[in-house]
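Single-structure report; data block below.
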Amino acid sequence: MPEGTIERTLVLVKPDGVRRGLAGDLLGRFERKTLKIVAARLLTVTPQMAAKHYEEHASKPFYPGLVTHITSGPVLALALEGRSAIGVVRLMVGATNPQTAAPGTIRGDFGSAVTPNLIHASDSTASAERELALYFGPSDYQTYHRLDAEFA
Ligand code: IDP
Ligand code: MG
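Numbering (the numbering used here) for the sequence shown: 870 to 1021.
Spelled out as structure tokens, the structure:
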């Protein structure tokens, strides 16, 4: 089986996750999986950023509620790096609707509503590149070795 290439992906602990005090637990799951934090920021998403972030959903009925939610308080933005990180993180996050997300996934274990579903994760290489650039500039990324990761 191929090992997978090293990728970077964007994760946001959404305002509901931060307000519920779950930011540390959720970050810990990714760290334990050997994903490396290469950038991190606590910020409140502006309406302009939200429009760019969720542009693919602009015509959907849930879009106004989505923008209201994502701008409603601070998010923890993370750039995570690891082998096949984009797909691995999506698996850990689980299905969009927490009511049908598998137990063991973040949404399956902690969520109950669809718009405040705790967490965002990039869904493709193109999305990851585009979304990371919304939250981080080149100088925000850190280089270091993880002691427990074979790629470190
Ligand atoms: P994803 O976050 O699993 O990638 P997307 O389809 O990209 O899901 O939707 C973006 C976000 O919009 C979801 O995480 C959720 O917060 C919200 N959302 C998606 N579908 C619905 C819906 O049917 N009702 C309400 N909110 C939704
Ligand atoms: Mg999505």
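Heads up, the beta-carbon is just placed ideally off N, CA and C, and yes, glycines get one too.
Nothing here was measured: the structure is a model prediction, and the numbers come from that model.
Q. Among Arg888, Gln917, Glu924, Gly951, which residue has its Cα nearest to the Cα of Leu945?
A. Arg888
Q) Taking DSSP as the reference, what is the three-state secondary structure of Glu872? A) coil
(Q) Tell me which residues share the same chain as Glu950 and place their Cβ nearer than 6 angstroms to its Cβ, disregarding the 5 neighbours each side in the sequence. (A) Arg877, Lys905, Val907
Q | Same chain, Cβ closer than 8 angstroms to Leu960, five either side skipped, listed in chain order | A | Thr974
Q: Tell me, please, which residues DSSP counts as bridged to His989.
A: Leu881
Q | CB-CB length for Ser991 against Ile955, believed under 8 angstroms | A | 6 angstroms
Q) What did DSSP end up calling Pro972 once you bin it into helix, strand or coil? A) strand
Q. Between Gly980, His1014, Leu1001, which lies nearest to Val962 when the distance is taken from Cα to Cα?
A. Gly980
Q. What span of residues does the alpha helix (DSSP H) with Val957 cover, start to end?
A. 954 to 962
(Q) Check this for me: beta carbons of Thr841 and Pro943, under 7 angstroms apart or not? (A) For residue 841 there is no data in the structure shown, the boundaries of the chain being 870 and 1021.
Q) Residues in its own chain within less than 7 angstroms of Pro817 by CB, not counting five upstream and five downstream? A) This structure does not reach residue 817, given that the chain is present from 870 up to 1021, and the question cannot be answered.
Q: Could you name the residues of the same chain whose beta carbon sits closer than 8 angstroms to that of Ser953, not counting the 5 residues immediately before and after it, in chain order?
A: Gly873, Thr874, Glu876
(Q) I believe Pro1007 touches Asn986 by the beta-carbon criterion, under 8 angstroms. Please report the beta-carbon distance rounded to the nearest angstrom. (A) With a Cβ gap of about 30 angstroms, Pro1007 and Asn986 do not count as contacting.
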